[in-house]
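Residue numbers for the sequence shown follow the numbering used here, so the first one is 234 and each next one is one higher. Data block below; observations after.
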Amino acid sequence: MSLIIFIIGLLFGSFYNVCIYRISEGKSVVWPASHCPKCQAKLKPWENIPIVSFVFLRGKCGHCKSNISFQYPVIEFITGVMFLSVYFKYDFTFDFYKTVILLSIVLIAVVIDIKKMILPDRLTLGMIVVGLILSLFPSNMVDPWSSFMGAALFAFPFFLVYTFSEAIYGKEVFGFGDVKFAAGIGAFLGYIDFHMLYMYFLYTFILGAIYAIIAIKLGKKGRQTQIPFAPFMAVALVIVIIQFF
234 MSLIIFIIGL LFGSFYNVCI YRISEGKSVV WPASHCPKCQ AKLKPWENIP IVSFVFLRGK
294 CGHCKSNISF QYPVIEFITG VMFLSVYFKY DFTFDFYKTV ILLSIVLIAV VIDIKKMILP
354 DRLTLGMIVV GLILSLFPSN MVDPWSSFMG AALFAFPFFL VYTFSEAIYG KEVFGFGDVK
414 FAAGIGAFLG YIDFHMLYMY FLYTFILGAI YAIIAIKLGK KGRQTQIPFA PFMAVALVIV
474 IIQFF
């Protein structure tokens, strides 16, 4: 069963790569069929096999021979591990499907944020809506009120930083997309207790601060340079899930 779950994760990871590219470009994720972004040639079925196709093609398009980004097998592998890890934690319960949906959206959003420095509304607002809808299911431990409160309370501190940093420094520390991203996470997790909420923010900002300090010391970032914040929010989310759920 573990192998099957891992393979299913790989297949979803292949689709997530499509989502990452097309959502960041404002395109449909279902049409047209998978194709090379360079030469636009339609991919054959065997060219869509996760990881295997990348190895067989030696990291190059079978048509135009342009390089295929390592992002593709990496995302596929991460998704496979993610599916397997969530399965080990929850088995086939409601929490399995809920957590997989949440982490899948988060993974796609994080990669887009790293590559494009944006968090599209299709993902952030979609997270909020899906989180609220899932709270209506009897199997969900998070009820609608807790989901709503989670969205509001998770977003509030980020909204304060977003608002006051712009007023004080004349620039955004991070974009409003991060506020909506936090709200989406809160809609899924709900409001359990203040300790969970506090630890999530603590992990997020500590991770962000560590990265910023290291990047500045290495000369890769200036003090005024914006950094993608979603990755730190995502890592903090994983820690909180392990710690509290």
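Beta carbons are placed, not taken as given, at the ideal position from N, Cα and C, and that holds for glycine.
Restricted to the region 372 to 442, the alpha helix (DSSP H) segments that are unbroken, complete and at least 4 residues in length are 377 to 402 and 409 to 422, listed in chain order. For Gly-295, there is no enclosing alpha helix (DSSP H), as DSSP marks it with neither H nor E. Bridge pairing for Asn-300: Lys-293 [DSSP].
A distance of 8 angstroms or more separates the beta carbons of Leu-430 and Val-339.
Looking at the backbone, the Cα of Val-314 and that of Phe-239 are separated by about 6 angstroms. Taking 8 angstroms as the cut-off, the Cβ atoms of Ala-266 and Cys-297 do not count as close. Collapsing the DSSP output to three states places Lys-331 in a helix. Inter-segment contact for the region 422 to 436 and the region 376 to 386 is present: three or more beta-carbon pairs are separated by less than 8 angstroms. Linking Glu-280 to Ile-347 through their CA atoms gives a straight-line distance of about 26 angstroms. Straight-line spacing of the CA atoms in Gln-476 and Tyr-320 works out to 17 angstroms. Take Pro-306, set aside five residues on each side of it, and the residues of its chain with a beta-carbon closer than 7 angstroms to its own are Ile-284 and Phe-287, in chain order. For Ile-345 and Pro-278, the gap between their C-alpha atoms comes out near 26 angstroms. Distance from Thr-357 to Phe-397 at the Cβ level is roughly 21 angstroms; contact not present, criterion being Cβ atoms closer than 8 angstroms. The distance from the Cβ of Leu-365 to that of Asn-373 is about 11 angstroms, inconsistent with a contact at the 8 angstroms cut-off. Here DSSP, grouped into helix, strand and coil, assigns Lys-275 to strand.
Distance from the CA of Met-350 to the CA of Ile-460, rounded to the nearest whole angstrom, comes to 8 angstroms. Rounded to the nearest angstrom, the gap between the Cα atoms of Pro-464 and Val-343 is 5 angstroms. Cβ neighbours of Phe-316 within its own chain (closer than 8 angstroms, five residues either side excluded): Ile-238, Phe-239, Ile-241, Gly-242, Phe-245 and Val-333. Cβ-Cβ separation between Cys-272 and Ser-299: approximately 7 angstroms, consistent with a contact (criterion under 8 angstroms). Comparing alpha-carbon positions, the option among Met-466, Gly-408 and Val-412 lying closest to Tyr-436 turns out to be Met-466. A direct Cα-Cα distance of roughly 43 angstroms separates Tyr-395 from Leu-236.
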